[in-house]
Structures are given as structure tokens and as C-alpha cells.
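Working notes for the structure below.
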Amino acid sequence: MTKKEFDELYALLEKGGWSPLFCDTKIPLVENPVFAGIPRETGNIPTEMVAMPKALLSMIEELMVRVKGDSMVDRDIHDGDYAKLEVERSPKSNDIVIVAIGNNVTLKVYFEDENGVRWLVAQNKERRDKYKPIMLDGRDEDVIICGVVSDVLRHLPRVSNKDIASELNAAKEAMEVSVDIPQQRISAMIRTLADRITIGRMWFAVFRAMIDLVLISEKDYQGFCDLVTCEVPKHKHLPKPSEMQRMAVNSFTRPVKKWSEINAPVVGSRFVAYKKLAEEAERMLLSGEGLD
């Protein structure tokens, strides 16, 4: 991206009400995880630098540390998050801190009770039996408060293609048909194409064309079969719901224009016949041409 393109993007975000920040200042990134759970050893801690917006940084030394564990989920701190740690800041009750107990390091809420005793408290109500409060005073091990967590960043995963496709298909089914196709045209299309159906499974091509035009639900096998039976009750090869469902696999679950013989339930001349039939059904429904 060129500087001009970057500036244009920045201006576009500002115009849309966002507040973009440049990642123009580097702070150390600790790759070894800090456990939001039972204190664990961290081992050696090699670091690299990570760029952050200067506006999000304070005047004191800061680190970024990776969180591991689930003891802080009630405060929306999750496994894999990155916590920004203010190293020189002294904690107050209810601050979230990272503490070294001997050679072990953990992330918890810092709290001083009415007697001035210092505690670390987890934030996972469902697992209180596992994450007991940790008293810091009077321990044999050295206790070092590494710093106070001032912010948490999260890496967002890519969204599942399957989930998005399913949601989009459901939305399409709920949409009104963009082209007004009268029921008489649907009936005429079925009667006209009936002569080209030589086995019951071929009706799936007509069924898929109607799905693509949002004329019927993708799972309404019984409704389609009832419709065909009503229009051509004496046809020798009437569709069955079980047959329609068996055909709805691989590329045949996609719009007709995206059918591929590579992973279709039929191949060769049969695939060609199915696709031509589906395309003819769609053409008749949209234009009304060629109908009896």
C-alpha cells in the first residue's frame, strides 16, 4: 500500500466515525505465555518488538505478554490474548497484575483485604474449585509483582466459511424473489419439462433451479415432490423426497451455475443432461418462453 493509499484509508475511517491509530511505537513482546491459571514456570523469556499506537502507551516502561489459561475469563481475558503490562506501576486493590512467585508467573486480580494481607484472586466462577485465592504474604518463595495490566489485545481468527455460507443461504431463502414469477408459470414449467424426465432423480435439476430463484426452501423435499405430483400425477417417474435428498450433495448443493462435474453425484452425459435441464427450467421461469 502506498502512502497516498494509506492516507486515503485513514481519512475514510475518520469520516466513518472511527478513530484509527498509527502503530508507530515499539515495545517488547514476551512470547513465553503468562498463565491465567495455576502459577507455572515461564522459563527463559526471549523478546521481540511489537508496534503499538503511541496514544495507547503510557510514559512508563511497558511489555506485551501472551496469556495462557482460563482463570480470568469472567474479565474477558482469554487464552491466547496479549496483555499490555505497565512494569513500574505499583498495584492497587482490584488491579489485574502479573506476579512471579518463586520461578512461577501468573495473571490474577490483586487485592488487599481489611487486614492489609495481599491476595491474588482468579475470575472464573465456574472453576472456583480449581482456582483458589493465593495469599502473597508470608510465603517461603520470593514474590515479585511484575506489573499492572493496562490493556488486553486479541487476535481474531478467520470466520468459518461454512458458517458464513450457511447464514447467507438462510438469509437468501428469507428474501423475497426479485423477479415476480407467478404460480401459473411454475406449473407450466413443470408440465413442459416432465417429458424430459426419464428417472425420478432427474427432478432434482428442476428442484435446484427453483431453489436458486428462491421459489422453494432448500430442504423442502416433500413440498417439491407434492408440487410435481399435483401437476403431473400420472407421470411414470415422480420424484421422491429421499431421492431429492440423496442428490443434494457436493456441487449439487450449490447454485446451478456453480455445478462442477468433478464432484457432482452424476458424471458424463448424465451430468450434462442434469445441468441443461436445470438451466432450461430457470430460463422458462424467468422468461416464460417455451412453456405449454
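Just so you know, we're using the numbering used here here: the sequence shown kicks off at 25 and counts up by one.
For each residue, glycine too, the CB sits at the ideal point set by N, CA and C.
Quick caveat: nothing in here was measured; it's all calculated off a predicted structure.
Exposure of I101, with buried meaning 16 or more beta-carbon neighbours within 10 Å: buried
So, for N68: in the same chain, excluding its five sequence neighbours on each side, which residues have a beta-carbon less than 6 Å away from its beta-carbon? Note on N68: pLDDT 48, under 50, position unreliable in the model; the coordinate value appears next. Once the five neighbours on either side are set aside, N68 has no close Cβ partner at all.
For a minimum of 3 consecutive residues, which ranges assigned as the beta strand (DSSP E) are wholly contained in the segment 142–217? Within the segment 142–217, the complete beta strand (DSSP E) runs of at least 3 residues fall at 142–145, 167–177.
Please report the residue range of the alpha helix (DSSP H) in which R90 lies. Counted as a single uninterrupted DSSP element, the stretch harbouring R90 is not any alpha helix (DSSP H) but the beta strand (DSSP E) occupying residues 86–92.
Could you tell me if E200 is buried or exposed, where buried requires 16 or more neighbouring beta carbons within 10 angstroms of its beta carbon? Only weak support is given to the placement of E200: the predicted model assigns it a pLDDT of 47, under 50, and the question is left unresolved by the model.
For a test of your reading of the model: does the CB of V121 fall under 7 Å from any non-hydrogen atom of the ligand SAH? Yes or no. Absent from the structure shown: the ligand SAH. Ligands present: none.
At least three beta-carbon pairs within less than 8 Å, the segment 270–279 to the segment 250–262: no
Going straight from the alpha carbon of A212 to that of K243, what length do you get? 23 Å
Which class does T238 belong to by DSSP, given the choice of helix, strand or coil? Per the sequence shown, the amino acid found at residue 238 is Val instead of Thr. In the structure shown, V238 sits in coil (DSSP, three-state: anything other than H, G, I, E or B).
Just to confirm my understanding: we take P70, look at its own chain, exclude 5 residues before and 5 after, and list those with CB closer than 6 Å. What are they? The predicted model places P70 with a pLDDT of 48, which falls under 50 and marks its position as unreliable; any figure quoted below should be read in that light. Answer for P70: no residue qualifies.
Nearest-angstrom Cα separation, counted from S95 out to R151: Across the structure, R151 and S95 are spaced so that their CA atoms are roughly 8 Å apart.
Can you tell me where the alpha helix (DSSP H) with V296 in it begins and where it stops? 292–311
Thinking just about the alpha-carbon of each residue, which of R178, N193, H179 is nearest to the one in N185? Closest by C-alpha distance to N185, out of R178, N193, H179, is N193.
Using DSSP bridges, identify the partner residues of E110. E86, V172
Look at the alpha carbon of K27 and the alpha carbon of I169, and state the distance between them as a whole number of angstroms. 42 Å
C-beta atoms of L251 and I205 nearer than 8 Å: no
Where do the N-terminal and C-terminal ends of the beta strand (DSSP E) with T222 fall, by residue? Premise fails: T222 is in no beta strand (DSSP E) and is neither H nor E.
Over the uninterrupted beta strand (DSSP E) stretch that includes T277, give me the two end residues. Segment: none, T277 is in no beta strand (DSSP E) and carries neither H nor E.
Quick check: what's the CA-CA separation for I62 versus A146? Low confidence applies here, because I62 scores a pLDDT of 48, under 50, leaving its location unreliable; read the following figure in that light. Rounded to whole angstroms, I62 to A146 spans 9 Å at the Cα level.
Is the number of C-beta pairs between the segment 160–174 and the segment 110–124 that are closer than 8 Å three or more? yes
Use the C-beta contact count for T222: other C-beta atoms within 10 angstroms, 16 or more gives buried, fewer gives exposed. exposed
Test item: CB-CB of V133 and N148 under 8 Å: no
Under the three-state DSSP convention, the category L251 falls into: helix
Straight-line gap, A297 to E29 (C-alpha atoms, nearest Å): 50 Å
Could you have a look at A124 and say whether DSSP puts it in helix, strand or coil? strand
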